[in-house]
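First the structure, in the form of structure tokens, and then the observations on it.
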Amino acid sequence: MSPASASLRPVAGGVAEISELLGDWLEAGDAHRAGAPLLVRSSGSTGTPKDVALSADAMRFSAAASLSRLGGPGQWVLALPVTYVAGLQVLTRSWLAGTAPVALEEHPDLASAVCALGTDRRYLAAVPTQLHRWLASAADTEALRQFDAVLLGGAAAGAELLSGARGRGVRVVTSYGMTETCGGCVYDGVPLDGVAVALGTGGEVRLAGPMLFEGYDGRPELTAEVLRDGWLHTPDLGRFDVDGRLELLGRADDVVMSGGVSVPLAAVERRIAALPDVDAVAVVAVPDDEWGSAVVAVVAVVLGRPLPSLEEIRDFVGAAHPRSWAPRQLVRRGALPLLSSGKIDRRALALELADSRRPPTASRAYSSGSRPAGRSITSRVSQERRRRPPHWSSSVFSLPMIVRFRGLTHREGVLVYGPAGVGEFSPFWDYGIEESAQWLAAALE
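Residue numbers (this note's numbering): 17 to 461.
Pasting the structure below:
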């Protein structure tokens with residue numbers, strides 16, 4: 017798509033309009049299969065976001081396989097941003113079922129959204145953070161019981177959260193997948209029909225099936241690196257349990273060397289999350305002169321509860337794992353930074369903690385340029401958010417991203433939801449819609 021022929025169409029957010037555009041693309045997908053991928057930006061929770069090209073066939077296959085596993089078509093509550101594949105799949109499943117999704121943001125609470133549902137089968141897709149908060153409310157918990165399935169994905173869910181939800185009558189279905197697989201393709205450890213799962217010699221998870229992506233936009237070398245012989249080679253580690261279900265153990269790139277010992281950060285994080293007063297936790301590694309990489313636990317506790325001491329956390333981790341895995345530093349936060357996908361922004365945390373360990377005179381390069389020394393990423397994000405014009409504050413998305421539709425029969429162009437990504441502070445927040453369109457046109461040249 018050349019910039020000269022592209023018609024740019026900024027969208028401030030509107031589920032009905034976006035659903036219509038998505039439906040047009042899904043219907044036109046067969047006729048334009050070769051040149052009409054949907055570009056969805058990956059969340060970038062652990063690294064640089066990528067534009068992932070998804071075909072209409074892949075999206076339809078994923079939606080159909082999901083509905084088949086869940087028990088048939090139904091109506092969905094949309095509680096996730098449609099700038100990410102999880103939210104887009106809610107719209108795709110709704111399109112396939114011929115139902116209209118109910119946007120949670122248009123209702124005061126989950127219970128009100130449930131009352132707006134009109135079909136026999138009711139579905140909800142969410143991330144663990146949302147489920148955790150809803151379970152803290154009796155009214156929201158009752159609303160959760162009204163769903164035939166609560167599809168949970170986006171991040172690993174702790175055993176305590178799952179048992180607590182299921183013990184209260186919530187029908188939770190865990191999902192595993194990624195943008196490159198059109199979202200979740202393994203439910204409760206079992207691949208959807210038509211999906212294949214295999215493990216590499218080191219336990220690396222490999223996925224195959226019609227739901228696989230076309231490639232990374234403009235990055236053929238990266239595509240060739242992860243997509244080989246029809247299999248997507250993921251960075252995730254797993255194993256099959258005695259029933260043949262896939263059990264995820266973390267990410268290969270989450271294993272860091274600290275003091276000469278390999279420490280799987282995800283395993284440490286899951287252990288700390290099991291502490292009763294911990295509301296949310298992220299375990300990250302930061303450069304350290306003594307240890308090479310120091311393991312740091314960033315913890316948010318339940319309101320009104322005390323923060324466990326570093327020694328208490330180290331003892332708790334050491335009771336289940338080698339004590340050498342235990343964190344060397346503890347940082348308390350009122351809340352952890354989240355991406356608009358609902359995932360914890362571990363990359364931002366790691367960068368901020370690394371900066372805090374540098375001498376005050378040091379400065380570092382940032383993804384969008386040079387960041388002044390002594391100014392935290394969190395404070396910069398907060399400052400930039402305050403500069404958003406009104407049409408962004410009313411958007412359905414908590415953090416803006418870009419999603420592009422290409423090769424549409426009568427709507428060829430680009431849908432712009434906001435800046436290019438977390439940590440990339442583009443001019444979209446400083447200009448109105450017309451200026452934003454002009455800026456993007458220049459950027460695409």
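The beta carbon of each residue, even a glycine, is placed where N, CA and C say it ideally should be.
Inter-residue spacing [alpha-carbon to alpha-carbon] between residue i and residue j
i, j, result
"residue 50", "residue 339", "Its pLDDT being 45, under 50, residue 50 is placed unreliably by the model, and nothing is read from it."
"residue 242", "residue 321", "44 Å"
"residue 292", "residue 324", "10 Å"
"residue 211", "residue 86", "15 Å"
"residue 206", "residue 189", "11 Å"
"residue 282", "residue 253", "10 Å"
"residue 341", "residue 71", "42 Å"
"residue 161", "residue 301", "38 Å"
"residue 255", "residue 219", "6 Å"
"residue 272", "residue 181", "32 Å"
"residue 406", "residue 30", "For residue 406, the predicted model reports a pLDDT of 31, less than 50, meaning its position is unreliable; a value from the coordinates is still stated below. In a straight line, the C-alpha of residue 406 is about 15 Å away from that of residue 30."
"residue 284", "residue 176", "15 Å"
"residue 105", "residue 79", "7 Å"
"residue 355", "residue 146", "13 Å"
"residue 35", "residue 41", "10 Å"
"residue 267", "residue 122", "36 Å"
Assigned exposure category for residue i - 16 Cβ within 10 Å defines buried
i, result
"residue 204", "exposed"
"residue 32", "exposed"
"residue 200", "buried"
"residue 67", "buried"
"residue 343", "buried"
"residue 358", "buried"
"residue 335", "exposed"
"residue 99", "buried"
"residue 108", "buried"
"residue 231", "buried"
C-beta atoms of residue i and residue j nearer than 9 Å
i, j, result
"residue 224", "residue 248", "yes"
"residue 347", "residue 311", "no"
"residue 140", "residue 95", "yes"
"residue 133", "residue 91", "yes"
"residue 120", "residue 93", "yes"
"residue 101", "residue 56", "yes"
"residue 228", "residue 195", "no"
"residue 279", "residue 295", "no"
"residue 314", "residue 367", "no"
For residue i, three-class secondary structure by DSSP
i, result
"residue 307", "coil"
"residue 23", "Low local confidence applies: a pLDDT of 22 at residue 23 is under 50, so the model's placement there is unreliable, with the coordinate-based value given in what follows. Residue 23: strand per DSSP, three-state reduction."
"residue 301", "strand"
"residue 222", "strand"
"residue 162", "coil"
"residue 415", "The predicted position of residue 415 is uncertain, since its pLDDT is 26 and thus under 50; no value can be drawn from it."
"residue 249", "strand"
"residue 230", "coil"
"residue 78", "helix"
"residue 434", "Note that residue 434 scores 33 on pLDDT, short of 50, meaning its location in the model is unreliable; the coordinates nonetheless yield the value given after this. If DSSP states are grouped into helix, strand and coil, residue 434 belongs with coil."
"residue 38", "helix"
"residue 100", "coil"
"residue 198", "coil"
Cβ-Cβ separation, residue j to residue i (assumed contact under 8 Å), whole Å
i, j, result
"residue 111", "residue 193", "19 Å between Cβ atoms; not a contact."
"residue 360", "residue 298", "5 Å"
"residue 261", "residue 174", "Wrong, their Cβ atoms sit about 17 Å apart, outside the cutoff."
"residue 168", "residue 191", "7 Å"
"residue 307", "residue 275", "5 Å"
"residue 44", "residue 226", "Actually they do not touch by this definition, with Cβ atoms about 18 Å apart."
"residue 115", "residue 97", "No, residue 115 and residue 97 are not in contact; Cβ-Cβ is about 20 Å, not under 8 Å."
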